[in-house]
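**Student:**
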Amino acid sequence: DLTEEQRAEYAKIIAEESDRLARLSINVLELSKLENQLIVTDQTEFYLDEQLRQCILLQEAAWSKKDLEMIPELDEVVFFGNEELLAHIWTNLIGNAIKFTPDGGTVRVCLTATENEVTVKVSDTGIGMSDEIQAHIFEKFYQGDTSHNHSGYGIGLTMAARATTLCGGKITARSQEGEGSTF
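Using this note's numbering, the first residue of the sequence shown is number 514, and each one after it goes up by one.
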C-alpha cells in the first residue's frame with residue numbers, strides 16, 4: 514500500500530545500503546588478506562613523491578568541495594616497495610584528513626628523506642582527537658567520532674597500520690582536540 518513516491522524512496526535506501534554493505538564486505542576481505550599476509554611481494558623502484566601527488570589529485574573533488582587548502586611539500590624520493598600497499602596507506606590518511614577537516618581548513622602532506630629513513634606526514638587542521646580516541650584508532654572497527662559512522666567502517670586505519678608494518682615502516686598519530694592531527 515505504498516505510494517509511488519514512497520516506493521521510490523525505499524528502493525533508493527535499499528540500493529544505498531546494499532552498496533554500503535558491499536563496500537564493507539570488500540574492505541573486510543582486504544583487511545583479512547592484509548592480516549594474513551606475511552611478506553610483501555611485487556616490489557619495484559618508483560618515485561614516492563609522484564605517488565603521493567597522484568593520491569592527492571585522486572581526492573581533489575573531495576578537498577575542493579570543502580574549499581580545503583592542500584599543501585604538498587614533497588622531496589623527490591625514489592623508493593623501493595610495493596606501490597599498491599603504499600598507495601592504500603596514503604589514500605586512507607589523506608582521505609581521513611579531508612573528512613575530518615572543516616570547510617576552509619588545511620591539509621598538508623610532507624615527504625622527507627634522509628640517507629636511512631623516509632618520512633611521510635599527513636597533517637590537518639581538523640577536529641582532532643582526544644587521548645582516549647588516539648589510544649584505539651588503529652583497532653579494528655573502532656570509530657572514535659560517531660558523527661561520521663555513515664562514512665566509514667572503522668577499518669581504514671587498521672588496514673593502513675598493517676600495510677605500514679608489512680612495508681617495514683611505523684605509523685603514529687599526534688592529535689589535539691580542535692587543533693587537528695598528524696599521522
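Note that the Cβ used here is the ideal one computed from N, Cα and C, for glycine as well.
Evaluate Val591 with the Cβ neighbour count: other Cβ atoms within 10 Å of its Cβ, from every protein chain shown; 16 or more gives buried, anything less gives exposed.
**Tutor:** As a first step, residue 591 is located in the sequence shown; it is residue number 78 there, counting from the start. Exposed, because fewer than 16 other Cβ atoms sit within 10 Å of the Cβ of Val591.
**Student:** Only counting the same chain, and skipping five residues up and downstream in sequence, which positions put a Cβ closer than 8 Å to that of Lys683?
**Tutor:** On the sequence shown, position 170 is the one that residue 683 refers to. Closer than 8 Å at Cβ, skipping near neighbours: Thr677.
**Student:** May I ask you to report which of helix, strand or coil DSSP gives Cys680?
**Tutor:** Counting from 1 along the sequence shown, the entry for residue 680 is found at position 167. In the structure shown, Cys680 sits in coil (DSSP, three-state: anything other than H, G, I, E or B).
**Student:** Given 8 Å as the limit, is there contact between the stretch 580–588 and the stretch 552–567, that is, 3 or more CB pairs closer than that?
**Tutor:** yes
**Student:** Check Leu702 in the structure and name its three-state DSSP category.
**Tutor:** One cannot answer for residue 702 here, as it falls past the ends of the chain, which runs 514 to 696.
**Student:** Among Leu624, Thr625 and Gly618, which has the Cα closest to the Cα of Gly641?
**Tutor:** Taking the sequence shown and counting its residues from 1, one reaches residue 641 at position 128. Per the Cα distances, Gly618.
**Student:** When you compare each of Leu570, Ser643 and Ile646 to Ile611 by their alpha carbons, which one comes out closest?
**Tutor:** Translated into positions along the sequence shown, residue 611 becomes position 98. That would be Leu570, whose Cα lies nearest to the Cα of Ile611.
**Student:** Per DSSP, what kind of secondary structure is Gly639 in: helix, strand or coil?
**Tutor:** Start at 1 with the first residue of the sequence shown, and residue 639 comes out as number 126. Residue state, collapsed to three classes: coil.
**Student:** Among Gln556, Ile602, Arg621 and Asp555, which has the Cα closest to the Cα of Leu581?
**Tutor:** Taking the first residue of the sequence shown as position 1, residue 581 is located at position 68. Out of Gln556, Ile602, Arg621 and Asp555, Arg621 has the C-alpha closest to the C-alpha of Leu581.
**Student:** Taking 8 Å as the threshold (C-beta atoms), are Ala673 and Leu606 in contact?
**Tutor:** Numbered from its first residue, the sequence shown carries residue 606 at position 93. Numbered from its first residue, the sequence shown carries residue 673 at position 160. Between Leu606 and Ala673, the C-beta gap is smaller than 8 Å, which places the two residues in contact.
**Student:** Give the DSSP-derived three-state secondary structure of Ile646 in the structure shown.
**Tutor:** Position 133 of the sequence shown, counting from 1, holds the residue named residue 646. In this structure, DSSP gives Ile646 a helical state, which the three-state scheme calls helix.
**Student:** Nearest-angstrom Cα distance between Asp637 and Glu517?
**Tutor:** Within the sequence shown, numbered from 1, the residue matching residue 637 stands at position 124. Within the sequence shown, numbered from 1, the residue matching residue 517 stands at position 4. Cα to Cα, Asp637 sits roughly 45 Å from Glu517.
**Student:** For a test of the three-state rule: what should DSSP assign to Lys578, helix, strand or coil?
**Tutor:** Taking the sequence shown and counting its residues from 1, one reaches residue 578 at position 65. Helix, per DSSP.
**Student:** Which value, in whole angstroms, describes the spacing of the CA atoms of Gly639 and Lys579?
**Tutor:** Locating residue 639 in the sequence shown gives position 126, counting from the first residue. Locating residue 579 in the sequence shown gives position 66, counting from the first residue. About 12 Å.
**Student:** Could you tell me which residues DSSP puts in a beta bridge with Glu558?
**Tutor:** Taking the sequence shown and counting its residues from 1, one reaches residue 558 at position 45. Glu558 is bridged to Phe593.
**Student:** Going by DSSP in three states, Gly669 sits in which element: helix, strand or coil?
**Tutor:** Start at 1 with the first residue of the sequence shown, and residue 669 comes out as number 156. Gly669: helix per DSSP, three-state reduction.
**Student:** Could you pull out every residue in the same chain whose Cβ sits closer than 6 Å to the Cβ of Trp576, ignoring the five residues on either side in sequence?
**Tutor:** Numbered from its first residue, the sequence shown carries residue 576 at position 63. Scanning its chain for C-beta atoms nearer than 6 Å, with the 5 sequence neighbours on each side dropped, one finds around Trp576 the residues Met583 and Ile611, in chain order.
**Student:** I need the boundaries of the beta strand (DSSP E) containing Gly693, first residue and last residue.
**Tutor:** Taking the first residue of the sequence shown as position 1, residue 693 is located at position 180. Start and end: Gly693 to Thr695.
**Student:** Could you name the residues that DSSP lists as bridge partners for Ala674?
**Tutor:** Here residue 674 refers to the residue found at position 161 of the sequence shown. According to DSSP, which records beta bridges pairwise, Ala674 is partnered with nothing at all.
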